[in-house]
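Here the structure is laid out as structure tokens; the discussion comes afterwards.
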Amino acid sequence: SFSGPVTDHAASDDCGVAILGAEPDKFWHDHKGAKVNAIRTRTLISKADIIVVRFGEKYRQWNAAFDAGMASALNIPLIVMHLDEHQHALKEVDAAALATTRTPEQVVQILTYVIKGTLPV
430 SFSGPVTDHA ASDDCGVAIL GAEPDKFWHD HKGAKVNAIR TRTLISKADI IVVRFGEKYR
490 QWNAAFDAGM ASALNIPLIV MHLDEHQHAL KEVDAAALAT TRTPEQVVQI LTYVIKGTLP
550 V
């Protein structure tokens, strides 16, 4: 089965206060959310056989880098996907990855080969 990030930005930001109660200070609001999200992320990463980290054009670059670092530290096979324009900024992340891709199709082809042992046609 596949797991992925919470892509509802508001839900990700507000999960801590929605579950644990409101915070008047934005720092503590964000801190609660980060901690609850960390429970989810650390659990899913630690159970993963393979991690695919996609660096998009705007949101969650720092989260993606953190997730890639965690996968690398746990010695979980890592596939990274990003645009050419991010190559220099992500050179260390790319070095930790077992594969660096540019497109979702390449990721699918790698996963198909890893799981089924077949090449794309």
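Using this note's numbering, you'd call the opening residue of the sequence shown number 430 and step up by one each time. Just so it is clear, CB atoms sit at the ideal spot from N, CA and C, and this is done for glycine as well. Remember, it's a predicted structure, so these values are computed and weren't measured experimentally.
Item, Value
"Tell me which residues share the same chain as L449 and place their Cβ nearer than 6 Å to its Cβ, disregarding the 5 neighbours each side in the sequence.", "K461"
"Once DSSP output is grouped into helix, strand and coil, what is the label at V481?", "strand"
"Just tell me which of H438, E486, A440, T472 has its CA closest to the CA of L512.", "E486"
"Quick one: what's got a C-beta closer than 8 Å to V446's C-beta in the same chain, skipping five residues either side?", "E452, H458, K461, G462"
"So, using beta-carbon positions, are A526 and I508 closer together than 8 Å?", "yes"
"Rounded to whole angstroms, what's the CA-CA distance from G546 to D454? Just pull it up for me.", "52 Å"
"Three Cβ pairs or more, each shorter than 8 Å: is that satisfied between the stretch 522-541 and the stretch 496-510?", "yes"
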